[in-house]
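Asks: Take the position in the sequence shown, starting the count at 1, then add 39; the result is the number in the working numbering.
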Amino acid sequence: MNTEPSQPGRAYQVIAGRVESAILSGELKPGDRLPSERELVEQYGVSRPTVREALRLLESNHLVRSRLGDRRGPVVLPASSHSLQKSLTRLTSGDIVGFASLLQFRMIIESAAVVLAATKRSESELLELERANARMRASVELGYEDFSAADFDFHRIVARASGNPLLELSGEAVRESVLNLIQQRIIDSGDSRGQMLASIRHHDELLHAIRHRDGRLASWLTRDGLFWYYYDYVEEKERPGLRSLADEVRPAENAGN
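1. Can you pull the DSSP bridge partners for Val103?
2. Let me confirm a value: Val153 is counted as buried when at least 16 other C-beta atoms fall within 10 Å, else exposed. Which label applies?
3. Nearest to Glu98 by CA position, among Ser122, Tyr83, Asn172 and Arg110, is which residue?
4. Quick one: what does DSSP say Arg72 is sitting in, helix, strand or coil?
5. Express the C-alpha separation of Leu260 and His241 in angstroms, rounding to a whole number.
6. Could you give the uninterrupted runs of the alpha helix (DSSP H) lying entirely in the segment 181-244, keeping only those of 4 residues or more?
7. Out of Glu81, Asp134 and Arg199, which has the shortest C-alpha to C-alpha gap to Leu165?
8. Let's test the definition: count the other Cβ atoms within 10 Å of the Cβ of Leu245 and tell me whether it reaches 16, buried, or not, exposed.
9. Assess contact between the segment 277-291 and the segment 192-210, defined as three or more Cβ pairs (one per stretch) separated by less than 8 Å. Is contact present?
10. Excluding the 5 residues flanking Ala171 on each side, which residues of the same chain have their C-beta closer than 7 Å to its C-beta?
11. Which residues bound the alpha helix (DSSP H) around Ile135?
12. So Ser75 and Arg110 are in contact, right, with Cβ under 8 Å, and what is the actual spacing, rounded?
13. To the nearest angstrom, how far is it from the Cα of Gly202 to the Cα of Ser161?
14. Taking all protein chains shown into account, do 16 or more other C-beta atoms lie within 10 angstroms of the C-beta of Tyr270, making it buried, or fewer, making it exposed?
15. Cβ of Val85 within 8 Å of Cβ of Ala50?
16. Helix, strand or coil, according to DSSP, for His251 in the structure here?
17. Whole angstroms is fine: what's the gap from Ser45's alpha carbon to Val115's?
18. Between the C-alpha atoms of Glu292 and Arg250, what's the straight-line distance to the nearest angstrom?
19. If contact is defined by three or more beta carbon pairs under 8 Å, each pair taking one atom from either stretch, is the segment 136-150 in contact with the segment 178-185?
20. Give the range of the alpha helix (DSSP H) segment to which Arg110 is assigned.
21. Measure the alpha-carbon distance for Pro279 versus Tyr272 and round it to whole angstroms.
22. Roughly how many angstroms lie between the CA atoms of Glu304 and Ala237, to the nearest whole one?
23. Where do the ends of the alpha helix (DSSP H) carrying Val58 lie?
24. Looking at C-alpha atoms only, which residue of Ala212, Gln222 and Ser119 is the closest neighbour of Pro69?
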C-alpha cells in the first residue's frame, strides 16, 4: 500500500484514498486487516486524530470495520451495495428520480438475474430459495415488515445464484430503495395481508420456474409480478412505461415441467 505523501488534498482524505485504492485493486482483500492506528501514524507521518478521521471516512463508506477496544487494525469488508443504495435514496428523495423509474430499473435488473439464476443455480441454492419461500409464508401472520425481510432474502438468493456480482449488488441496492419508499404506504393501505398472499402465490410460481430451469418464464413472472404488486402506488401517467416491460403473453412452460 503506497504511503508516499505525494497526493494533494487533506491528509485524512489522502490516507483514506490510498487505502480505498488498495482495496479496489485487490491488494487488500476482505478479511485483511489494516495496520493499527499507531502504525498508520508512523507510516504516514501524521497525527493520530488525522488517522482516526481517515478511518471514520473509510467506515462511513463501508470499506472497513473497527471494533471498540480492539488494538488490531480495522478489517477490510466485502463489497457492499451501501454506497449505491445511498445514491439511489438521495436521487429519489430529491425528486430527481421518481418511484416509477426506480421500479422500472428493478424490473430490468431482477428479470435478468432470474434468467441466469434459473440456468446456473445449484441444488443448495434451490434449497435456500425453498426455505426463504417457506419463511415468507410463515411471516404473513407476523406482519408486513417480517414478510418483507423474508421476501428480501428470497431475491438476494436469486441474485447470488445469477453468479453476477454487479446484478447482486445493484439488485440489493434497488430493492432497499424501493422498500424505503413504499413500505409504509403498503402498511397504511389496509390491505397489506392481501398483498402478502398475492406475493406468495407469485413466488410459488417463480420458484417452480427456477426449479425447472425455465429462465424465460421466470423472467416474465418477475416483470409481471413487480408491475402488478406496485400498480396502485405508481401514478397513472407512469404506468405505460412499466407496462411495456411486462405487457407480453405469458411464455409456455418448458416441456416436462
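Just so you know, even glycine gets a beta-carbon here, dropped at the ideal spot from N, CA and C.
Replies: According to the structure shown:
1. Under DSSP, Val103 takes part in a beta bridge, and its partners are Val115.
2. With 16 or more other Cβ atoms inside 10 Å of its own Cβ, Val153 counts as buried.
3. In this structure, Ser122 is the residue among Ser122, Tyr83, Asn172 and Arg110 with its C-alpha nearest to the C-alpha of Glu98.
4. Note: Arg72 maps to strand in three-state DSSP.
5. Linking His241 to Leu260 through their CA atoms gives a straight-line distance of about 7 Å.
6. The segment 181-244 contains these whole alpha helix (DSSP H) runs: 183-200 and 204-227.
7. Nearest C-alpha to Leu165: Arg199.
8. Answer is buried; the Cβ neighbour count reaches 16.
9. With a cut-off of 8 Å on Cβ pairs, the segment 277-291 is not in contact with the segment 192-210, counting fewer than three such pairs.
10. Apart from the 5 residues on each side of it in sequence, Ala171 sits with its Cβ closer than 7 Å to the Cβ of Ala189, Asp192, Phe193 and Ile196 in its chain, given in chain order.
11. DSSP places Ile135 outside any alpha helix (DSSP H), giving it a letter other than H or E.
12. By a beta-carbon distance limit of 8 Å, Ser75 contacts Arg110. Their separation comes to about 6 Å.
13. Spanning the two alpha carbons is a distance of roughly 11 Å.
14. Tyr270 should be labelled exposed.
15. Yes, Cβ-Cβ distance for Val85 and Ala50 is below 8 Å.
16. In the displayed model, His251 falls within coil according to three-state DSSP, outside both helix and strand.
17. With a pLDDT of 46 at Ser45, under the threshold of 50, the predicted position of this residue should be treated as unreliable, though the coordinate-derived value follows. Cα-Cα distance, rounded: 24 Å.
18. Roughly 12 Å separates the two Cα atoms.
19. Between the segment 178-185 and the segment 136-150 there are fewer than three C-beta pairs closer than 8 Å, too few to call the two in contact.
20. No alpha helix (DSSP H) holds Arg110; DSSP gives it neither H nor E.
21. Distance from the CA atom of Pro279 to the CA atom of Tyr272, rounded to whole angstroms, is 14 Å.
22. Here the chain has residues from 40 to 296 only, and residue 304 is not among them.
23. Counting along the chain, the unbroken alpha helix (DSSP H) around Val58 starts and ends at Ala50 to Ser64.
24. Ranking the options by Cα distance to Pro69, first place goes to Ser119.
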